[in-house]
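>
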Amino acid sequence: MANVSNSNRISSEARGLTLTFALVAVTTAVLLILILKAGLTRGSIVYLIPVLIAALRWGMPAALFAAVLGVAASAYLFFDPLFSFEIRDPQEIINLILYVITATVVSQLAARLRRQLELAHQREIDLRDLYAFSRRLAVAFDVSDIHAAIEDHLTTVLQRKVVWFGSAREPTAEINRRASAKVPETVRAEVEAIASGRRNGAAAATVQDGAGGTWLVRAVSPQSLEFGVIAVDLGRQSKPAMDELRSRIDAVLADATATLERLGVAHAISEARMRAQTEQLREALIGSVSHELRTPLASILGAATVLSGAPALQNEKKLKALVHDVRDEAERLNNDIQNLLDATRISSNGIRPRLEWADPADIVNSAVERCGRRLADRRLTLDLPSDPPLVHVDPVLVQQALVQIFDNAVKYSQPGSRIFVAVRAHDRRIVLSVTDQGAGLTADEQNRMWDRFVRGERLAATTSGSGLGLWIANAFIAANGGTMHADSEGPDLGTTVSIELPVTQANVPQLEADADE
């Protein structure tokens, strides 16, 4: 690695000297033309231009090289005897000495300006990286997000491969899992030793990876293991180059530790870890309780369904009404439990849609059929195209999303009101819209309606629900590559909830023509 770095530096300097020579040659050619055509007799000062350019672009060595070439060219072109390097007049020698002094001063000033520009540029990059790092920390939800942010930040600053590991509070299995695909076995073992404090207070160690490379393993902060441990791939370098790199790593990590402390990362890690554990506990509790409730609920729902059709109850209006109430409440409770299970599924394992080609009209019809009893006292109007294009989605998830929208429309509208369902094409997408004449939305409700466990405060006291329905629907549609949005002109003016699904370009004109008809 050190040989490669030296080779790159020598190649860069050689390229600078070559370009400097070419620049002086071009300047000389221009002056030669002016001498022959316009009778120019003095032009040494012009060679300060290549000196200045060389100092700004390629550094001090190239600038001094340009000054030497300028002296030689000036002696050859402007001093008697012309076109000879011989100088007979002492006054001309003094002029050349003054030129050399001026060129040296100018080159030093230009080189200093170049270094200042490079430092300013590097400070700008550092500030941009730090700003990006702080933004990632601000939106980090769990510990893994913070891990990734710190690892990427250190990799960018150090310009080396950096693998970041958690603190000693994390189990060894987690450290092994994170490191298995990134670092050699010897490095992983040293990480575990430092993270667990088995190195008698030592915060850093150098480890050979078995392939000739060297890794530096050290705590991000020697004072605390809360910020974790990093492993840096030093590559194959000489000892002086490795010592220099280690010093730079120490300086960078000192700044990084100060930054982490200033940004409160240790507190953020603790909070994120607590949030993750709380979320896992809540999901486990919800899943367990939901499954336990569904078994007796299925028996209640089955018994109520059988009783509602029993001949002996057909003439007993009061008993029949009670059975219907039991069945309706059992179905409502069953839907709430299903929502809890869907919420657990979304939060823990994510959604893996089983994509297939489906007819949007069939999806709408199946959702309407599934909600038949809930929609029975509403005036339902369907506007479906005769031959809509197929969409590549999971029809079960889209149907469940529609069921949630229907349930919401029924819940917040009055019996006898109209619910309008339409399928149309818009901007190369299929739009499934459900419009009700219910409670409508305020601006605040419209902004928060897709959040989990959020319900409208206006009707929360008179309307049952868990605040999960639209959040689940939005998650199901997003898993299919679609989007959802809601429009309302205000409270008590109804709501339109729309699902947008991607569709192939070839099928859009056909659906638009059907919609126009």
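For any residue, its number in this note's numbering is found by taking its place in the sequence shown, counting from 1, and adding 10. Note that beta-carbon positions come from the ideal geometry of N, C-alpha and C, so glycine has one too. If you're wondering where the values come from, they're calculated on a predicted model, not measured in any experiment.
Name, in chain order, the residues that DSSP records as bridge partners for residue 434.
Residue 434 pairs with 441.
> For residue 346 and residue 475, I'd like the C-alpha separation in whole angstroms.
Going by the C-alpha atoms only, they are around 7 angstroms apart.
> So the candidates are 244, 245, 503, 317; which of them puts its Cα closest to the Cα of residue 424?
Measuring from the Cα of residue 424, the nearest candidate turns out to be 503.
> Can you find the residues in the same chain that come closer than 6 angstroms, C-beta to C-beta, to residue 181, ignoring five residues on each side of it along the sequence?
The pLDDT assigned to residue 181 is 42, lower than 50, so where the model puts this residue is not dependable, and the model offers no usable value.
> Please work out which residues of its chain come closer than 8 angstroms, Cβ to Cβ, to residue 307, disregarding the five sequence neighbours upstream and downstream, and give them in chain order.
Excluding positions up to five away in sequence, the list reads 340, 343, 344, 347.
> Looking at the strands, I want to know which residues DSSP matches up with residue 218.
Residue 218 pairs with 224.
> Go through its chain and collect everything with a Cβ distance to residue 160's Cβ below 6 angstroms, but skip five positions before and after it.
These residues qualify, in order along the chain: 174.
> Between which residues of its own chain and residue 63 is the CB-CB distance below 7 angstroms, once the five residues before and five after are set aside?
The answer, listed in chain order, is 33.
> Secondary structure at residue 175, three-state DSSP: helix, strand or coil?
Correct three-state label for residue 175: strand.
> Would you decide whether residue 494 is buried or exposed? Buried here means 16 or more other CB atoms lie within 10 Å of its CB.
Counting Cβ neighbours within 10 Å, residue 494 comes out buried, since at least 16 surround it.
> Do residue 117 and residue 85 come within 8 angstroms of each other at the CB atom, strictly closer than that value?
No. Outside cutoff.
> Taking the alpha carbon of residue 263 as the point to measure from, which residue in 238, 249, 445, 491 has its own alpha carbon closest?
Checked all of 238, 249, 445, 491; the closest Cα to residue 263 is 238.
> Once you ignore the five residues that flank residue 333 on each side, which residues in its own chain have a CB closer than 7 angstroms to its CB?
Counting only Cβ-Cβ distances below 7 angstroms, and skipping sequence neighbours, we find 314, 317, 318, 323.
> Quick check: the Cα distance between residue 25 and residue 361, rounded to an integer number of angstroms?
So the alpha carbons of these two residues sit roughly 56 angstroms apart.
> Taking the continuous alpha helix (DSSP H) assigned at residue 67, which residues delimit it?
Run containing residue 67: 58-68, per the alpha helix (DSSP H) assignment.
> Tell me, which residues are paired with residue 366 by DSSP?
Paired residue(s): 403.
> Terminal residues of the continuous beta strand (DSSP E) containing residue 497?
Its beta strand (DSSP E) spans residues 493-497.
> How close, in whole Å, do the beta carbons of residue 482 and residue 353 come, if the pair is a contact with beta carbons under 8 angstroms?
Residue 482 to residue 353, Cβ: 6 angstroms. Contact.
> Just to check my reading of the structure: residue 225 and residue 243 have Cβ atoms closer than 8 angstroms, yes? What is that Cβ distance to the nearest angstrom?
So it is a contact: roughly 6 angstroms between Cβ atoms.
> If contacts are defined as beta-carbon pairs under 8 angstroms, then residue 390 and residue 368 qualify, I think. What distance do you get, rounded to the angstrom?
Between residue 368 and residue 390 the Cβ distance is about 21 angstroms, and since that is not below 8 angstroms, they are no contact.
> How should residue 80 be labelled, buried or exposed, when 16 other C-beta atoms within 10 angstroms of its C-beta is the threshold for buried?
The residue is buried, with at least 16 neighbouring Cβ atoms inside 10 Å.
> Output yes or no for whether 8 angstroms exceeds the beta carbon distance between residue 371 and residue 398.
For residue 371 and residue 398, yes; Cβs fall inside 8 angstroms.
> Which of the three DSSP states, helix, strand or coil, is assigned to residue 114?
Of the three classes helix, strand and coil, the one that applies to residue 114 here is helix, per DSSP.
> Apart from the five residues just before and just after residue 466, which ones in its own chain have a Cβ nearer than 6 angstroms to its Cβ?
Cβ neighbours of residue 466 beyond the five flanking positions: 455.
> Would DSSP call residue 361 helix, strand or coil?
In the structure shown, residue 361 sits in coil (DSSP, three-state: anything other than H, G, I, E or B).
> Consult DSSP for residue 385 and reduce its assignment to one of helix, strand or coil.
Coil.
> Under 8 angstroms, do residue 394 and residue 490 count as touching if we go by C-beta distance?
No. Outside cutoff.
> So, using beta-carbon positions, are residue 28 and residue 56 closer together than 8 angstroms?
It is not a contact, given that the beta carbons lie outside the stated cut-off.
> To the nearest angstrom, how far is the alpha carbon of residue 435 from that of residue 290?
C-alpha separation (whole angstroms): 41 angstroms.
> Nearest by alpha-carbon distance to residue 376: which of 413, 365, 388 is it?
If we check each option's Cα against that of residue 376, 413 comes out closest.
> By the 10 Å Cβ neighbour count, where 16 or more other Cβ atoms means buried, how is residue 470 classified, buried or exposed?
Exposed, since its Cβ has fewer than 16 Cβ neighbours within 10 Å.
> Please classify residue 200: is it buried, with 16 or more other beta-carbons within 10 angstroms of its beta-carbon, or exposed?
Burial call: buried.
> Since residue 509 is in the beta strand (DSSP E), which residue starts that stretch and which ends it?
Segment 505-512, the beta strand (DSSP E) holding residue 509.
> Within the same chain, show all residues whose beta-carbon is closer than 6 angstroms to that of residue 68, passing over the 5 residues directly before and after it, in chain order.
The answer, listed in chain order, is 26.
> Who pairs with residue 170 in a beta bridge, going by DSSP?
DSSP output for residue 170 lists no bridge partner at all.
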